[in-house]
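Chains as they are written, first to last, in UniProt numbering: chain X, 1 to 195; chain F, 1 to 195.
Ideal Cβ positions, reconstructed from N, Cα and C, are used throughout, including at glycine.
Computed from a predicted structure; not experimentally measured.
One structure below.
There are 2 protein chains.
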Amino acid sequence: MQQNSLRNLISIIAKLPGLGRRSARRIALHLLQHKELMHKLSESIISTAKEMKFCEICNNLDSVSPCAICSSSTRDKSLICVVEGVADLWALERSRLYNGLYHVLGGTLSAINGTTPESLTIDKLKRRLVSNIGEVIIATNATLEGESTGHYIASLVEKAGIKATRLAHGIPMGAELDHMDDGTLTIALKLRQLF
Amino acid sequence: MQQNSLRNLISIIAKLPGLGRRSARRIALHLLQHKELMHKLSESIISTAKEMKFCEICNNLDSVSPCAICSSSTRDKSLICVVEGVADLWALERSRLYNGLYHVLGGTLSAINGTTPESLTIDKLKRRLVSNIGEVIIATNATLEGESTGHYIASLVEKAGIKATRLAHGIPMGAELDHMDDGTLTIALKLRQLF
Ligand SMILES: [Zn+2]
Ligand SMILES: [Zn+2]
Numbered sequence: 001m002q003q004n005s006l007r008n009l010i011s012i013i014a015k016l017p018g019l020g021r022r023s024a025r026r027i028a029l030h031l032l033q034h035k036e037l038m039h040k041l042s043e044s045i046i047s048t049a050k051e052m053k054f055c056e057i058c059n060n061l062d063s064v065s066p067c068a069i070c071s072s073s074t075r076d077k078s079l080i081c082v083v084e085g086v087a088d089l090w091a092l093e094r095s096r097l098y099n100g101l102y103h104v105l106g107g108t109l110s111a112i113n114g115t116t117p118e119s120l121t122i123d124k125l126k127r128r129l130v131s132n133i134g135e136v137i138i139a140t141n142a143t144l145e146g147e148s149t150g151h152y153i154a155s156l157v158e159k160a161g162i163k164a165t166r167l168a169h170g171i172p173m174g175a176e177l178d179h180m181d182d183g184t185l186t187i188a189l190k191l192r193q194l195f
Numbered sequence: 001m002q003q004n005s006l007r008n009l010i011s012i013i014a015k016l017p018g019l020g021r022r023s024a025r026r027i028a029l030h031l032l033q034h035k036e037l038m039h040k041l042s043e044s045i046i047s048t049a050k051e052m053k054f055c056e057i058c059n060n061l062d063s064v065s066p067c068a069i070c071s072s073s074t075r076d077k078s079l080i081c082v083v084e085g086v087a088d089l090w091a092l093e094r095s096r097l098y099n100g101l102y103h104v105l106g107g108t109l110s111a112i113n114g115t116t117p118e119s120l121t122i123d124k125l126k127r128r129l130v131s132n133i134g135e136v137i138i139a140t141n142a143t144l145e146g147e148s149t150g151h152y153i154a155s156l157v158e159k160a161g162i163k164a165t166r167l168a169h170g171i172p173m174g175a176e177l178d179h180m181d182d183g184t185l186t187i188a189l190k191l192r193q194l195f
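Take a look at the structure:
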């Protein structure tokens with residue numbers, strides 16, 4: 001009784017992060033019952049896909065490349081904060097506590113998922129480790145994979161003769177940056193430690 | 001740092017049922033990082049919107065009107081099962097236990113939301129209450145509003161001289177049909193009671 005186009009839409013929605021078949025069915029039905037929202041959503045997806053690109057320097061998402069952060073004249077260009085994903089960068093920006101540059105890895109090293117340094121933006125990061133950089137803050141998630149990726153990057157940073165720090169523990173183990181409140185982020189950033 | 005088009009996409013996604021700002025941000029980012037999925041989603045939304053329509057008889061969603069259930073030659077046309085929404089119809093169809101027709105109300109009567117009999121498909125249902133109908137199974141949700149809507153419909157059905165039954169309690173109070181497993185649906189359908 002579910003037609004092919006609808007069945008297909010439900011399968012696509014179910015692939016989005018955090019959604020299962022049941023929530024995908026609910027969302028698809030809601031869309032079919034709210035055609036205006038449906039049209040807005042498909043138009044918005046198309047225009048956002050056209051507009052947004054990854055920054056050639058830091059891998060942030062923006063409508064321009066280099067991104068607004070990389071080309072800002074008021075940001076501290078001697079500081080790079082390494083994060084796993086754009087959501088983590090957004091979380092730090094919302095806290096308004098950090099005024100340096102970023103580097104978005106695009107994931108973590110993982111033997112299970114086959115993520116090697118080559119599939120992340122680690123080569124790009126290496127090329128950014130030049131003399132005017134005073135410190136690299138490694139803000140990978142406090143998960144097992146985030147920690148081991150952090151250690152790997154710390155060794156690269158130190159090899160380049162640059163100070164590598166990490167966010168203070170204060171962020172609970174197993175948690176993701178994007179889930180933290182601003183207070184926790186504040187403490188973790190202020191008490192950042194040498195790797 | 002979030003561009004307007006992206007901010008707009010996040011707001012639209014956050015309007016979908018079960019999603020908040022945080023999950024909307026995650027989904028938008030996931031889409032931007034998986035352009036193929038993004039294009040598939042917007043295409044699928046457009047084609048589904050074009051294809052699907054509401055059945056002129058029972059208000060089910062299908063690519064044809066009357067829907068496949070209403071025009072099936074193998075279904076028992078003396079039975080109508082009244083449900084709140086298409087998700088409930090799907091839940092009953094998945095159980096493969098019911099072989100009659102349906103009537104999708106499109107919601108419940110609610111003083112708070114201002115849902116009157118006119119804003120539901122109750123007039124259409126009245127016109128279906130003719131002599132060849134032997135029984136109307138009222139399968140509104142076991143919520144306060146579902147129950148009171150059920151009572152309202154039962155009185156209409158009985159006024160037309162037709163037997164009104166409801167799903168047996170067995171479905172926990174406060175629960176929605178779409179959340180039930182097939183076993184619970186089986187018992188509730190088999191032990192259906194007179195209203
Ligand atoms: Zn950048
Ligand atoms: Zn129908």
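Within-9 Å CB hit, residue i to chain X
i                     : result
residue 136 (chain F) : no
residue 39 (chain F)  : yes
residue 124 (chain F) : no
residue 154 (chain F) : no
residue 140 (chain F) : no
residue 76 (chain F)  : no
residue 6 (chain F)   : yes
residue 9 (chain F)   : yes
residue 209 (chain F) : No statement about residue 209 (chain F) is possible, as the shown extent of chain F runs from 1 to 195 and does not include it.
residue 119 (chain F) : no
residue 35 (chain F)  : yes
C-beta neighbour in chain F for residue i, strict 9 Å
i                     : result
residue 52 (chain X)  : yes
residue 108 (chain X) : no
residue 45 (chain X)  : yes
residue 18 (chain X)  : yes
residue 178 (chain X) : yes
residue 160 (chain X) : no
residue 49 (chain X)  : yes
residue 210 (chain X) : In the structure as shown, chain X begins at 1 and stops at 195. Residue 210 (chain X) is therefore absent and cannot be evaluated.
residue 13 (chain X)  : yes
Integer-rounded CB distance, given that residue j should sit under 8 Å from residue i
i                     : j                     : result
residue 235 (chain F) : residue 139 (chain F) : Within the shown structure, residues of chain F are numbered from 1 to 195, placing residue 235 (chain F) beyond reach of any answer.
residue 171 (chain X) : residue 188 (chain X) : 5 Å
residue 26 (chain F)  : residue 90 (chain X)  : The Cβ separation is near 10 Å, so there is no contact.
residue 121 (chain F) : residue 59 (chain F)  : 5 Å
residue 164 (chain X) : residue 136 (chain X) : 5 Å
* Asked: Can you find at least 3 beta carbon pairs, one from the stretch 138-154 of chain X and one from the stretch 59-67 of chain X, that sit closer than 8 Å?
  -> no
* Asked: Does the stretch 68-85 of chain F come within contact of the stretch 84-95 of chain X, defined as at least 3 CB pairs closer than 8 Å?
  -> no
* **Residues within the stretch 81-92 of chain F neighbouring chain X, beta-carbon criterion of under 9 Å** => 85, 86, 87, 89, 90
* To do: Anything in the stretch 21-33 of chain X with a Cβ closer than 7 Å to a Cβ of chain F? List those residues in chain order, please.
  => 23, 25, 26, 27, 29, 30, 31, 32
* Give, in chain order, every unbroken run of the alpha helix (DSSP H) that is at least 4 residues long and sits entirely within the stretch 12-57 of chain F. => 21-33, 35-51
* With contact counted as at least three CB pairs below 8 Å, one residue from each stretch, are the stretch 2-19 of chain F and the stretch 97-112 of chain X in contact? -> no
* **Length-filtered (3 minimum) beta strand (DSSP E) runs lying within the stretch 150-190 of chain X** => 163-166
* Asked: For the UniProt zinc finger region "C4-type" (55-70) of chain F, which residues have a beta carbon sitting closer than 8 Å to at least one beta carbon of chain X?
  -> 60, 61, 62, 63, 67, 68, 69
* Would you check if there are 3 or more beta carbon pairs closer than 8 Å linking the stretch 119-130 of chain X to the stretch 14-26 of chain F? => no
* Three-pair Cβ contact test at 8 Å for the stretch 96-103 of chain F versus the stretch 33-48 of chain X -> no
* **3-residue-minimum beta strand (DSSP E) runs that sit fully inside the stretch 78-114 of chain X, ordered along the chain** => 100-104
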